[in-house]
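Chains as they are written, first to last, in my numbering: chain A, 1 to 238; chain B, 1 to 497.
Cβ atoms here follow ideal geometry from the backbone N, Cα and C, with glycine treated the same way.
None of these values were measured; they are calculated from a predicted model.
First up is the structure itself, then whatever we jot down about it.
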């Protein structure tokens, strides 16, 4: 078999409710030369059964497993290390890719050789996979969350918005040689993705945005320690 | 396999007889013989028979009825199977080929049978039903034309004036023979004329004749004189089982109600069969205590029917029905809303006949409606390692092939099938808040709900053993003894020993 052109890296912890759909959306890509690295971060639910099923079904699925829960960052780092392809596509265990995500991503990197990290528009979907419709600033009904140009000043100002949707992110493996996902508090509070992007920017890598919907981000309201998150973010931007 | 067709010929239009013979000789299966027995000399019909050189034997006897002619013809038969054909029946080209195939496939059977169509295309054919010796004691569903192994031939009773075929097949089955049912229509028969009993337009006369004939057969075969009768047109199978459980006569054709019973129970009261229900109640008479056993489906159908229609129907039946029974709590509630007080008597369950037969492969049946469509679809997608089968309209399925049934509907209920499912030691996961129905409400947190269902299915898959608690619980509720006691207590109240 020819070596894969791109690798999906999916960390999962007790994600039986949505994992199968995510993996399925990767397997249905128009670009067949891919690998799907799923890192089971010590799940205690049916995650292992689902992974066994997909490994049996398709050899492109590679499952790794931590015996103990070590956090999302550790899982991401391990997955990226295990990936053999040059392009890494991130995906969370509850999000979905559209069928042409890999194809469009690879095309974009080929067209824009200077770009190291690319991201795209995305849809927000709810628990049942239905598109979430909202009003944009012009008052129009839309389901698309646009990928705005990466602007560190606005990120600094708002701390949260104006950052790419992490599940739509794709980067060359060379980025990972310098920047890794951070463990500890950052990972525990679920902002390792935000940190990774800011640090990649600080390390001088170039971002590119593709204005086309490639992923569906599952919006599930969660309670987070907002105060702590703000402090952590301010520290890294200072 | 050689078939002998024995045709008693008596007063038939020559064209009819000619077409009948033509149809027999143009069948694809050629290993056969035709024996014509003229029930009294008839120059015209004998001339028709002479047109066919293939006829093996022509006999002319003194007129003495179809049974005598059939017995006479049987003496000359050389085939392996005897078919007592009628001169106004037309065989389908593949009929005897089908017979041979079926009899070869079912070596334990001494005869086979199917339904038949009427020559009038506007009339629905008679479909007959699968072989069941118990049902044959209540009514006949096998026509005389079907092939019986020669060594099993019991002879036709020449003393009977009608229903000879019922008597004939009952004696065949009593002697230990089994029949194979072929779905579909094997032949076409003329619609009986006004002079024949089945075609009589005068209802009273028709009834009198039927009564004498049924009584003759029943007396001859020594049928017990029963106090209770059950009627059932659309729930034949269920009604048959109730008849067996409480030792009652079972009637689905109002004309077969030939004696006054002490108690009559109508199983099923569906808006679609009102005419026949009305006829049945009218025939039963006031001296009989009359009741309706409401099935879940009926109450639903009435509940969704227009209000005035329901009112009219119920008013019409008010003074003809003495008591109401129903099979489930939901049915009881719906009936109460319509102003009918019905006592609860769960449908009896045949535990002996139905073991657990736990499926070897873990499969989940999915029953859901548009309200829960999305929720359940999410669960199915989340568990690719489990085989889910969705119930699709118009596609048949056997519920008993499944270990778990996932049932989420906007009006949660435990129907008869689901209860039987539990009795067979299977599992439900549903939004029905009843014992052992696997109540798991959707709640406010959809992710938690989804995880709960997934965990439950995983748990059941790992265990994979029968649900004995649910089985015992529902078996006790629906035991045939309980049902019998319930009905017999009614009989006591009527004042009968």
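Any idea if residue i is buried or exposed, counting beta-carbon neighbours within 10 angstroms, 16 or more meaning buried?
{"i": "residue 113 (chain B)", "result": "buried"}
{"i": "residue 140 (chain A)", "result": "exposed"}
{"i": "residue 496 (chain B)", "result": "Because residue 496 (chain B) carries a pLDDT of 42, less than 50, the predicted location of this residue cannot be relied on, and no value is offered for it."}
{"i": "residue 138 (chain A)", "result": "exposed"}
{"i": "residue 189 (chain B)", "result": "buried"}
{"i": "residue 270 (chain B)", "result": "buried"}
{"i": "residue 22 (chain B)", "result": "exposed"}
{"i": "residue 54 (chain A)", "result": "buried"}
{"i": "residue 430 (chain B)", "result": "buried"}
{"i": "residue 12 (chain B)", "result": "buried"}
{"i": "residue 308 (chain B)", "result": "exposed"}
{"i": "residue 498 (chain B)", "result": "Summary: the structure shown does not reach residue 498 (chain B), with chain B confined to residues 1 through 497, and so no result is reported for it."}
{"i": "residue 191 (chain B)", "result": "exposed"}
{"i": "residue 410 (chain B)", "result": "exposed"}
{"i": "residue 288 (chain B)", "result": "buried"}
{"i": "residue 86 (chain B)", "result": "buried"}
{"i": "residue 230 (chain A)", "result": "exposed"}
{"i": "residue 133 (chain A)", "result": "exposed"}
{"i": "residue 211 (chain A)", "result": "exposed"}
{"i": "residue 501 (chain B)", "result": "Any property of residue 501 (chain B) remains undetermined from this structure, which presents chain B solely from 1 to 497."}
Opposite residue i in the DSSP bridges: which residues?
{"i": "residue 118 (chain B)", "result": "B:189"}
{"i": "residue 359 (chain B)", "result": "Bridge partners of residue 359 (chain B): none, in fact."}
{"i": "residue 183 (chain B)", "result": "Residue 183 (chain B) pairs with nothing; no bridge assigned."}
{"i": "residue 310 (chain B)", "result": "DSSP lists no partner for residue 310 (chain B)."}
{"i": "residue 368 (chain B)", "result": "B:408"}
{"i": "residue 326 (chain B)", "result": "B:294, B:344"}
{"i": "residue 90 (chain B)", "result": "B:188"}
{"i": "residue 113 (chain B)", "result": "B:181"}
{"i": "residue 389 (chain B)", "result": "B:365"}
{"i": "residue 439 (chain B)", "result": "B:430"}
{"i": "residue 289 (chain B)", "result": "B:263"}
{"i": "residue 143 (chain B)", "result": "None; residue 143 (chain B) has no bridge partner."}
{"i": "residue 148 (chain B)", "result": "B:82, B:111"}
{"i": "residue 96 (chain A)", "result": "A:216"}
{"i": "residue 349 (chain B)", "result": "Bridge partners of residue 349 (chain B): none, in fact."}
{"i": "residue 126 (chain B)", "result": "B:116"}
{"i": "residue 6 (chain A)", "result": "A:34, A:87"}
Just reading off the beta strand (DSSP E) that residue i is part of, what are its end residues?
{"i": "residue 61 (chain A)", "result": "61 to 66"}
{"i": "residue 400 (chain B)", "result": "That residue, residue 400 (chain B), is in no beta strand (DSSP E); it is neither H nor E in DSSP."}
{"i": "residue 58 (chain B)", "result": "57 to 61"}
{"i": "residue 380 (chain B)", "result": "Unbroken run through residue 380 (chain B) is the alpha helix (DSSP H), 373 to 382; no beta strand (DSSP E)."}
{"i": "residue 83 (chain B)", "result": "81 to 84"}
At what residues does the alpha helix (DSSP H) containing residue i begin and finish?
{"i": "residue 297 (chain B)", "result": "296 to 304"}
{"i": "residue 23 (chain B)", "result": "14 to 25"}
{"i": "residue 416 (chain B)", "result": "416 to 423"}
{"i": "residue 455 (chain B)", "result": "446 to 463"}
{"i": "residue 473 (chain B)", "result": "468 to 477"}
{"i": "residue 39 (chain B)", "result": "Taken as a continuous stretch (DSSP letters only), residue 39 (chain B) belongs to no alpha helix (DSSP H), being part of the beta strand (DSSP E) at 32 to 39."}
{"i": "residue 8 (chain B)", "result": "Element bounds for residue 8 (chain B): not the alpha helix (DSSP H) but the beta strand (DSSP E), 3 to 9."}
{"i": "residue 220 (chain B)", "result": "203 to 221"}
{"i": "residue 111 (chain A)", "result": "101 to 111"}
{"i": "residue 44 (chain B)", "result": "43 to 50"}
{"i": "residue 96 (chain B)", "result": "95 to 105"}
{"i": "residue 75 (chain B)", "result": "66 to 76"}
{"i": "residue 158 (chain B)", "result": "Per DSSP, residue 158 (chain B) belongs to no alpha helix (DSSP H) and is neither H nor E."}
{"i": "residue 134 (chain B)", "result": "133 to 136"}
Is there at least one Cβ from chain C nearer than 8 Å to residue i's Cβ?
{"i": "residue 59 (chain A)", "result": "Any reference to chain C falls outside this structure, whose protein chains are A and B."}
Any C-beta of chain A within less than 8 Å: which residues of the segment 422 to 452 of chain B qualify? 446, 447, 450, 451
Which ranges would you report for the alpha helix (DSSP H) in the segment 227 to 282 of chain B if only whole runs of at least 4 residues count? 236 to 246
Where the segment 23 to 47 of chain A meets chain B: residues whose CB sits under 8 Å from a CB there: 24, 45, 46
Taking any Cβ of chain B, which residues in the segment 121 to 149 of chain A have a Cβ under 9 Å from it, in chain order? 126, 127, 128, 129, 130
Please list, in chain order, the residues of the segment 3 to 18 of chain A that have any C-beta partner in chain B closer than 7 Å. 16, 17, 18
Name the residues in the segment 62 to 94 of chain A whose C-beta lies less than 7 Å from a C-beta of chain B; which are they? none
Any chance you could list the beta strand (DSSP E) runs of at least 3 consecutive residues sitting entirely within the segment 172 to 237 of chain A, in chain order? 207 to 218
For the segment 9 to 94 of chain A, list the alpha helix (DSSP H) runs that are entirely contained and at least 4 residues long, ordered along the chain. 19 to 27, 47 to 57, 72 to 82
Please specify which runs of the alpha helix (DSSP H), each continuous and at least 4 residues long, are wholly inside the segment 117 to 171 of chain A, giving them in chain order. 152 to 158
Taking only beta carbons into account, state which residues of the segment 454 to 469 of chain B come closer than 8 Å to chain A, listed in chain order. 454, 455, 458
For the segment 374 to 398 of chain B, which residues have a beta carbon sitting closer than 8 Å to at least one beta carbon of chain A? 374, 375, 377, 378, 381, 382, 383, 384, 385
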